[in-house]
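Take a look at the structure set out below.
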Amino acid sequence: MTRNDTRKADDSDEQRTDGSGPAVSEPTTRPDATSDSLLDDSFDVTSGSLSGDADAVLETRNLDVFYDGVQALQDVTIEIPENGVTALIGPSGCGKSTFLRCINRMNDLIDAARVEGELRFEGKNVYDDDVDPVALRRKIGMVFQSPNPFPKSIRDNVAFGLEVQDKAGDVDETVHRALERAALLDEVEDQLDSSGLDLSGGQQQRLCIARAIAPDPDVLLMDEPASALDPIATSKIEDLIEDLAEEYTVIIVTHNMQQAARISDKTAVFLTGGELVEFDDTDKIFENPEHDRVEDYITGKFG
Amino acid sequence: MATTDESTGTWFGADGQVSQLRGLLFKAGCLGATLLALFLVFVFLVYVAIDAIEPGTADPAWWATVATTVAGPAIVLSIYYYRFAPRAGEVAYTALGLPVAATLLAGGVSIVFRHIVSPHEWLALVVASLVAYGALEFHGRARDAGALERVVVGAAVIGLTIVGVPGLVPSLRTLLLSLPVLPMAPLALLGTFVVPIGVGAGWSVRRARESDRAGLIAGGVTVAAAAIGAVAGPVVGVSWTTWLVLTTVVGVPVGLYVERVYRGGKGVSGLALPVALAAGVVVCAVIVETAGFAGPDVWIDWEFLTSAHNRTPREAGIYPALVGSVMMIIVVALAAFPVGVGAAIYLEEYAPTSGLSGSIVELIEINIANLAGVPSVVYGLLGLALFVKVGELRPGIVIVGGLTVSLLILPIIIISAQEAIRAVPDSQRRAAYGIGATRWQTVRTVVLPRAMPGIMTGTILALGRAIGETAPLLMVGVAAVVRISPRSFFGLFSAMPRQLYSWAQLAKPDFYHGVLAAGVLVLLVVLLMMNGTAILLRNKYQRRD
Chain Y
1 MTRNDTRKAD DSDEQRTDGS GPAVSEPTTR PDATSDSLLD DSFDVTSGSL SGDADAVLET
61 RNLDVFYDGV QALQDVTIEI PENGVTALIG PSGCGKSTFL RCINRMNDLI DAARVEGELR
121 FEGKNVYDDD VDPVALRRKI GMVFQSPNPF PKSIRDNVAF GLEVQDKAGD VDETVHRALE
181 RAALLDEVED QLDSSGLDLS GGQQQRLCIA RAIAPDPDVL LMDEPASALD PIATSKIEDL
241 IEDLAEEYTV IIVTHNMQQA ARISDKTAVF LTGGELVEFD DTDKIFENPE HDRVEDYITG
301 KFG
Chain B
1 MATTDESTGT WFGADGQVSQ LRGLLFKAGC LGATLLALFL VFVFLVYVAI DAIEPGTADP
61 AWWATVATTV AGPAIVLSIY YYRFAPRAGE VAYTALGLPV AATLLAGGVS IVFRHIVSPH
121 EWLALVVASL VAYGALEFHG RARDAGALER VVVGAAVIGL TIVGVPGLVP SLRTLLLSLP
181 VLPMAPLALL GTFVVPIGVG AGWSVRRARE SDRAGLIAGG VTVAAAAIGA VAGPVVGVSW
241 TTWLVLTTVV GVPVGLYVER VYRGGKGVSG LALPVALAAG VVVCAVIVET AGFAGPDVWI
301 DWEFLTSAHN RTPREAGIYP ALVGSVMMII VVALAAFPVG VGAAIYLEEY APTSGLSGSI
361 VELIEINIAN LAGVPSVVYG LLGLALFVKV GELRPGIVIV GGLTVSLLIL PIIIISAQEA
421 IRAVPDSQRR AAYGIGATRW QTVRTVVLPR AMPGIMTGTI LALGRAIGET APLLMVGVAA
481 VVRISPRSFF GLFSAMPRQL YSWAQLAKPD FYHGVLAAGV LVLLVVLLMM NGTAILLRNK
541 YQRRD
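Top line first, the protein sequences correspond to chains Y and B. Take 1 as the starting number for the first sequence in full-length UniProt numbering and just add one per residue. Take 1 as the starting number for the second sequence in full-length UniProt numbering and just add one per residue.
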């Protein structure tokens with residue numbers, strides 16, 4: 001499976017360099033070009049960063065979020081590296097989902113939400129006035145807590161992103177590849193025209209992942225993608241996330257600390273009040289956290 | 001526990017100490033209310049039906065014949081289905097209802113082709129639409145055009161082929177109509193009405209049976225059945241056009257349903273019920289004819305449906321009013337549906353929800369709900385002021401009546417469409433936005449398809465209300481009696497409820513008993529059809545989710 005996916009990754013890299021998508025490995029030299037790229041469909045420049053950390057694809061500075069005056073995120077500053085899995089953990093109501101929704105500006109859909117501070121994606125503050133949230137979401141895919149396939153055929157579900165983003169090319173092939181990368185193709189290959197709602201919960205969630213990766217975003221946000229699934233489906237999703245991390249920057253919110261420990265490379269711990277307490281390599285967080293509060297949370301003393 | 005010896009046998013409530021009297025009385029009261037409501041409606045319906053059919057005027061022998069040849073076999077079959085083959089019972093139910101509903105629909109289609117769109121106009125419209133579609137498709141294939149260019153080209157093509165510029169450029173449609181040689185009306189319909197439906201039927205059979213041959217047969221039979229009307233129509237006494245519409249609108253759905261039941265192989269015996277009923281009717285007719293039993297003196301008969309009002313009650317009919325109602329409903333649907341659904345989409349998907357503008361939107365929504373409760377006579381007054389006084393249209397014409405009634409049902413359509421849109425789960429919208437869809441793409445590809453069954457259900461129910469409205473028609477001067485069906489949407493008309501109202505005021509008892517009752521039955525059947533369609537739509541799509 002892993003070998004298979006590596007080959008796939010190479011394929012898509014090839015495809016990217018032919019101009020149809022962003023060239024992941026190409027370094028940037030001009031920060032201005034990076035800023036403009038968000039407004040333009042032809043992304044040539046990525047992974048540049050204005051900060052010292054050359055790897056950070058996403059970084060925030062003093063990010064605050066308020067819902068009708070109630071503060072949900074407090075002064076969050078974080079740099080999320082490219083590729084690999086970053087897990088966001090913390091007790092309920094600590095703002096980790098809010099943080100996730102800030103990244104692709106899904107909070108814009110909530111009238112009461114107000115965001116302050118900076119959130120840079122590939123060097124450009126996504127809350128600048130000249131950033132179109134729709135263009136941003138085309139670069140940053142999202143998978144939600146409960147599977148939400150459209151009441152359409154499996155094929156149309158996966159092709160939805162291609163259709164709305166007006167991506168030309170062989171739709172059937174892209175659909176097949178996305179389903180394969182989502183480890184669903186074998187199960188649904190002969191029923192692509194049946195409804196996506198006829199699948200089991202775990203299959204539906206993998207269908208949603210296929211739908212999110214079909215238009216080939218750079219970052220994949222996952223909001224507790226396995227919380228509504230049984231253990232077997234969960235383990236499939238976890239394997240899948242590890243595979244996807246070779247190609248995408250995956251940011252996952254989870255309530256399940258074992259899950260975070262199993263699949264993530266980096267872990268951010270949010271604690272009550274919307275405060276980012278610690279962000280480090282997953283091993284370090286789970287074995288030797290710097291803050292006592294984090295240790296208390298991880299060992300189950302609260303939360 | 002210590003007192004078990006005293007209370008033995010009482011803890012399980014055998015003496016009624018748990019279920020209390022008040023609860024029982026409340027339950028009985030609710031039951032009584034239900035029964036009373038049902039009884040009142042039932043008595044009314046029976047009363048009307050008796051007036052319309054006058055069962056007392058028939059020979060007892062006639063009733064006996066009907067009971068033994070038609071009712072008897074049907075009851076026996078029903079009992080059989082109920083006891084032994086419930087699946088066949090469902091099939092029988094549908095197989096009986098489908099032809100009846102399709103025949104009523106065929107009646108509506110006939111009225112449309114006779115009075116609203118003549119076969120030649122239909123031919124021109126279809127050909128012009130095909131040309132427009134072909135041109136747009138060609139443009140789409142030949143050039144990878146941007147959105148703006150597509151819109152401009154689309155508008156230009158549709159303008160040239162279908163709409164035209166009044167006084168300057170005639171459209172392709174009008175040019176076709178002015179051709180010196182046009183095919184005969186039935187031939188035009190055969191080519192542009194029967195053939196497309198036949199192709200559709202053939203395609204559906206081909207897909208279901210996965211056989212090209214079966215598809216060809218299905219399509220061929222449809223067209224052939226319509227074509228032999230040239231000979232068979234006059235023999236049975238209907239025009240070729242009527243035959244065409246009947247065989248297509250009734251034959252195709254019934255045929256497809258029978259084919260599906262046979263293919264599925266479940267409940268095939270259910271098809272016996274309609275066959276038995278039809279055979280029973282034929283046998284009954286033969287017996288009654290030969291033995292000379294007199295049937296009842298029914299008011300609601302073919303004559304009633306196809307003739308105009310007459311001073312002699314026996315010769316009075318509802319046809320012009322029926323046509324007027326159909327034309328009015330077309331105006332209402334065309335006017336109220338786009339406006340109502342558009343308003344609902346804006347209010348649900350685009351309108352601000354917070355701040356000052358949010359409060360204004362909320363105020364507007366509350367007022368729309370209030371508008372739904374405004375008495376219809378007030379809307380009549382509004383229509384009179386708006387369309388007759390300000391718009392300077394002639395009072396009493398189809399378009400004025402239709403627009404006035406659309407005002408009346410607009411709030412109902414807005415509210416029901418809003419509810420249907422609100423019922424689309426937010427997770428679906430989030431899924432679309434999360435993948436980079438714009439708001440317009442989300443509304444078009446996710447929200448509307450999912451809300452459409454609900455919107456259609458609400459709209460059909462609202463149209464049902466529209467078809468029965470009388471007061472607004474009185475206010476805008478719709479004629480009490482019209483002997484000729486309106487020739488266009490700008491012609492004077494009468495609608496069914498208006499016609500009923502004027503019959504109720506005539507002095508002869510035959511009018512306010514017999515003719516009125518027959519008219520009420522016709523109106524109720526039309527309403528029942530519309531509501532039945534709405535319920536079918538709702539059930540069909542509810543099961544999907």
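For each residue, glycine too, the CB sits at the ideal point set by N, CA and C.
So that I know if they touch, is there some Cβ in chain Y lying closer than 8 Å to that of B/I421? Taking the first residue of the second sequence as position 1, residue 421 of chain B is located at position 421. No, B/I421 lies away from the interface with chain Y (no Cβ there is under 8 Å from its Cβ).
Cβ of B/G454 within 8 Å of any chain Y Cβ: Residue 454 of chain B sits at position 454 when you count from the first residue of the second sequence. No, because no Cβ of chain Y sits closer than 8 Å to the Cβ of B/G454.
Same chain, Cβ closer than 6 Å to B/P411, neighbours up to 5 away in sequence not counted: Reading the second sequence from its first residue, position 411 is the one you call residue 411 of chain B. So the list reads I368, L371, A372, once near-sequence residues are dropped.
Buried/exposed call for Y/S35, threshold 16 Cβ in 10 Å: Here residue 35 of chain Y is taken as the residue at index 35 of the first sequence, counted from 1. The predicted position of Y/S35 is uncertain, since its pLDDT is 43 and thus under 50; a value taken from the coordinates is nonetheless stated next. The residue in question, Y/S35, is buried, as its Cβ has 16 or more Cβ neighbours within 10 Å.
What residues in the segment 136 to 151 of chain B have a beta carbon less than 9 Å from any beta carbon of chain Y? D144
Identify whether B/V252 lies in helix, strand or coil by the three-state DSSP scheme. Locating residue 252 of chain B in the second sequence gives position 252, counting from the first residue. It is helical.
Could you check how far apart the C-beta atoms of Y/G274 and Y/L73 are, in whole angstroms? I think they sit under 8 Å. If you number the first sequence from 1, residue 274 of chain Y lands on position 274. If you number the first sequence from 1, residue 73 of chain Y lands on position 73. Their Cβ separation, rounded to whole angstroms, is 4 Å, which keeps Y/G274 and Y/L73 in contact under 8 Å.
Would you please state the rounded distance, in angstroms, between the beta carbons of Y/L119 and Y/C94? I believe it to be under 8 Å. Along the first sequence, one-based indexing puts residue 119 of chain Y at 119. Along the first sequence, one-based indexing puts residue 94 of chain Y at 94. Actually they are not in contact, since the Cβ atoms of Y/L119 and Y/C94 sit about 18 Å apart, beyond 8 Å.
Return yes when the Cβ of B/A432 is within less than 8 Å of the Cβ of B/G454, no when it is not. What you label residue 454 of chain B is simply residue 454 of the second sequence in a count that begins at 1. What you label residue 432 of chain B is simply residue 432 of the second sequence in a count that begins at 1. No, these two residues do not count as a Cβ contact at 8 Å.
Simplified DSSP assignment, three categories, for B/N367: Here residue 367 of chain B refers to the residue found at position 367 when the second sequence is read from its first residue. Helix at B/N367.
Taking the alpha carbon of B/G342 as the reference point, which residue from B/T103, B/R444, B/V249, B/A85 has its own alpha carbon closest? The residue you call residue 342 of chain B lines up with position 342 of the second sequence. When only C-alpha atoms are compared, the closest one is B/R444.
When Y/L109, Y/P147, Y/V250, Y/D265 are compared against B/E349, the one with the closest alpha-carbon: Start at 1 with the first residue of the second sequence, and residue 349 of chain B comes out as number 349. Of the listed residues, the one whose Cα sits closest to B/E349 is Y/L109.
Compile a chain-ordered list of the residues in the segment 99 to 113 of chain Y whose CB is closer than 8 Å to at least one CB of chain B. N104, M106, L109, D111, A112
DSSP puts Y/M222 in a beta bridge; with which residues? As a first step, residue 222 of chain Y is located in the first sequence; it is residue number 222 there, counting from the start. In the DSSP output, where bridge partners are listed per residue, Y/M222 has Y/V143, Y/I252.
Three-way DSSP call (helix, strand, coil) for Y/A210 in this model: Position 210 of the first sequence, counting from 1, holds the residue named residue 210 of chain Y. Three-state result, Y/A210: helix.
So Y/F270 is in the beta strand (DSSP E); what residue range does that whole segment cover? Locating residue 270 of chain Y in the first sequence gives position 270, counting from the first residue. Counting along the chain, the beta strand (DSSP E) containing Y/F270 begins and ends at 266 to 271.
I'd like to check one pair, B/G191 with B/G202: are the Cβ atoms closer than 8 Å? Numbered from 1 along the second sequence, position 202 holds the residue referred to as residue 202 of chain B. Numbered from 1 along the second sequence, position 191 holds the residue referred to as residue 191 of chain B. Going by C-beta atoms, B/G202 is not nearer than 8 Å to B/G191.
Using a Cβ-Cβ cutoff of less than 6 Å, which residues in the same chain neighbour Y/H291 once the five nearest sequence positions on both sides are dropped? Your numbering for residue 291 of chain Y matches position 291 in the first sequence. The residues are V277, E278.
Between the alpha carbons of B/S485 and B/V261, how many angstroms are there, rounded? Taking the first residue of the second sequence as position 1, residue 485 of chain B is located at position 485. Taking the first residue of the second sequence as position 1, residue 261 of chain B is located at position 261. The straight-line gap from Cα to Cα measures roughly 41 Å.
Tell whether a beta-carbon distance below 8 Å holds between B/A321 and B/R498. Here the question's residue 321 of chain B lines up with position 321 in the second sequence. Here the question's residue 498 of chain B lines up with position 498 in the second sequence. Yes, Cβ-Cβ distance for B/A321 and B/R498 is below 8 Å.
Output the boundary residues of the alpha helix (DSSP H) element that contains Y/Y127. Here the question's residue 127 of chain Y lines up with position 127 in the first sequence. That residue, Y/Y127, is in no alpha helix (DSSP H); it is neither H nor E in DSSP.
Closer than 7 Å, Cβ to Cβ, to anything on chain Y: give me those residues from the segment 352 to 369 of chain B, in chain order. T353, S354
With a CB to CB cut of under 6 Å and the five nearest residues on each side skipped, what residues in its chain are close to B/G229? Walking along the second sequence from the start, residue 229 of chain B turns up at place 229. Closer than 6 Å at the Cβ level, and outside the excluded window around B/G229, lie W240, W243, L244.
Going along the chain, which residues of its own chain have a beta-carbon closer than 7 Å to the beta-carbon of B/N539, five neighbours each way excluded? Against the second sequence, residue 539 of chain B aligns to sequence position 539. There are no such residues.
Where the beta strand (DSSP E) containing B/G140 begins and where it ends: Position 140 of the second sequence, counted from the first residue, corresponds to residue 140 of chain B. It is not in any beta strand (DSSP E) - B/G140 instead sits in the alpha helix (DSSP H) that spans 119 to 142.
Extract the residue ranges of the alpha helix (DSSP H) inside the segment 29 to 69 of chain B, only unbroken runs of 4 or more that lie entirely within it. 60 to 66
With a threshold of 8 Å between beta carbons, is Y/V175 in contact with chain B? Mapped onto the first sequence, residue 175 of chain Y falls at position 175. No - not a single Cβ of chain B is within 8 Å of the one on Y/V175.
Taking the alpha carbon of Y/L58 as the point to measure from, which residue in Y/D64, Y/E122, Y/V76 has its own alpha carbon closest? Looking up residue 58 of chain Y in the first sequence gives position 58. Of Y/D64, Y/E122, Y/V76, the residue nearest in Cα terms is Y/E122.
Compute the beta-carbon to beta-carbon distance between B/P472 and B/V405, rounded to the nearest angstrom, for a pair I have assumed lies under 8 Å. The residue labelled residue 472 of chain B in the question sits at position 472 within the second sequence. The residue labelled residue 405 of chain B in the question sits at position 405 within the second sequence. About 6 Å; that satisfies the 8 Å criterion.
Would you give the residue range spanned by the alpha helix (DSSP H) that B/Y501 belongs to? Along the second sequence, one-based indexing puts residue 501 of chain B at 501. Here the alpha helix (DSSP H) through B/Y501 covers 496 to 505.
Verify whether the separation of the beta carbon atoms of B/I467 and B/I329 is less than 8 Å. In the second sequence, the residue the question calls residue 467 of chain B occupies position 467. In the second sequence, the residue the question calls residue 329 of chain B occupies position 329. Yes; because the gap between Cβ atoms is below 8 Å, this pair is in contact.
Given a cut-off of 8 Å on the beta-carbon distance, is the pair B/A517 and B/S502 in contact? Here residue 517 of chain B refers to the residue found at position 517 of the second sequence. Here residue 502 of chain B refers to the residue found at position 502 of the second sequence. No, the pair does not count as a contact, with Cβ atoms beyond the cut-off.
Comparing C-alpha positions only, which one of Y/P217, Y/K236, Y/I89 sits nearest to Y/R137? What you label residue 137 of chain Y is simply residue 137 of the first sequence in a count that begins at 1. When each option's Cα is compared against that of Y/R137, the closest is Y/P217.
What do you reckon, are the CB atoms on B/P99 and B/V254 nearer than 8 Å? For the purposes of this step, residue 99 of chain B is identified with residue 99 of the second sequence, where counting begins at 1. For the purposes of this step, residue 254 of chain B is identified with residue 254 of the second sequence, where counting begins at 1. Yes. Within cutoff.
Over what stretch of residues does the alpha helix (DSSP H) that includes Y/E180 continue unbroken? Taking the first sequence and counting its residues from 1, the one referred to as residue 180 of chain Y is at position 180. Its alpha helix (DSSP H) spans residues 171 to 181.
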